[in-house]
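Here's the structure we're looking at; comments come further down.
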Amino acid sequence: MLIPTPIGPLWLEVSPRGVRRLEPALFPRGLEARGPLAERVRERVLAYFAGEKPDFLDIPLDYTGFSPKRVALYERVRLIPYGRTESYGSLARELGLSPRAVGAGMRASPFFLLVPAHRVIHADGRLGGFAGQEGLKAWLLRFEGAWP
DNA sequence: CCTCGCTCTGTCC
DNA sequence: GGACAGAGCGAGG
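Take the first sequence: its letter number 53 is residue 71 in my numbering, and every next letter is one higher.
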């Protein structure tokens with residue numbers, strides 16, 4: 019399912035266990051997502067870009083194939099509330115990882131918005147990277163009022 | 001602004 | 001298995 023947003027379409031795939039991927043993509047790239055979960059995700063994403071401040075904590079994610087450390091990292095990042103930021107380093111200390119490992123995990127996440135990687139920034143307040151789309155990270159944080 | 005050492009995951013071979 | 005790049009941090013110049 020392709021969900022239209024102000025930053026371009028987001029491609030959604032679901033499995034019986036939950037969302038398998040949600041990320042920016044211009045064209046369909048796999049099986050069409052159908053069913054109640056797909057509809058729920060679509061409504062929630064539209065609400066997000068309509069300026070409501072939804073969380074996505076009740077949306078199940080399909081973590082099949084991910085290591086326990088990555089699951090713990092993603093579940094922790096999901097708890098960062100709308101409009102707030104935390105640093106790679108503080109998350110790393112909390113989870114017993116290295117700061118680089120947190121960055122690597124965020125980079126590899128297929129759960130755009132659902133795991134709000136854009137809310138994870140440098141310890142000194144700079145934004146840090148975003149898989150070559152740092153403008154998108156800045157857009158999202160400004161939209162949430164978490165960045166000047 | 002810059003460099004360096006530390007650190008270690010993800011991804012390729 | 002091994003090699004390398006990378007969404008970091010902190011100290012130092």
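Idealized CB from N, CA, C, for every residue including glycine.
| message | How far does the alpha helix (DSSP H) with TRP165 in it extend, from its first residue to its last? | response | DSSP places TRP165 in no alpha helix (DSSP H); its state is neither H nor E.
* Enclosing alpha helix (DSSP H) for GLU31 [first to last residue] -> GLU31 -> not in any alpha helix (DSSP H); beta strand (DSSP E) instead, spanning 28 to 33.
Exercise. Using 10 angstroms around the beta-carbon of GLU152, count the other beta-carbons present and answer buried if the total reaches 16, otherwise exposed.
Key: A residue is called buried when at least 16 other Cβ atoms come within 10 angstroms of its Cβ; GLU152 does not meet this threshold and is exposed.
Could you say which of PRO46, GLY36 and TRP165 lies nearest to GLY143 if we only look at CA atoms? Of the candidates PRO46, GLY36 and TRP165, the one whose C-alpha sits nearest the C-alpha of GLY143 is TRP165.
**OP:** Please name the residue, chosen from ARG39, ALA51 and LEU44, that lies closest to PRO27 on a Cα-to-Cα basis.
**Re:** With distances taken between Cα atoms, PRO27 lies closest to LEU44.
Sorted by chain position, which residues of the same chain lie with C-beta nearer than 7 Å to THR23's C-beta, five sequence neighbours on each side aside?
-> Cβ within range, chain order: VAL63 and PHE67.
Practice prompt. Compute the Euclidean distance between the alpha carbons of PRO116 and GLU61, then round it to the nearest angstrom.
Written response: Correcting the residue type first, residue 116 is Ser in the shown sequence and not Pro. About 36 Å.
Inset, instruction - Give the secondary structure of PHE84 by DSSP, where H, G and I count as helix, E and B as strand, and everything else as coil. - result: The three-state secondary structure of PHE84, taken from DSSP, is coil.
* Compute the Euclidean distance between the alpha carbons of TYR147 and VAL37, then round it to the nearest angstrom. => According to the sequence displayed, residue 147 carries Gly and not Tyr. Whole-angstrom Cα-Cα distance: 25 Å.
Requested in this report: For the beta strand (DSSP E) containing GLY36, list its first residue and its last residue.
Outcome: In the DSSP assignment, GLY36 falls within the unbroken beta strand (DSSP E) covering 36 to 42.
When you compare each of SER85, LYS155 and SER33 to ARG52 by their alpha carbons, which one comes out closest?
When only C-alpha atoms are compared, the closest one is SER33.
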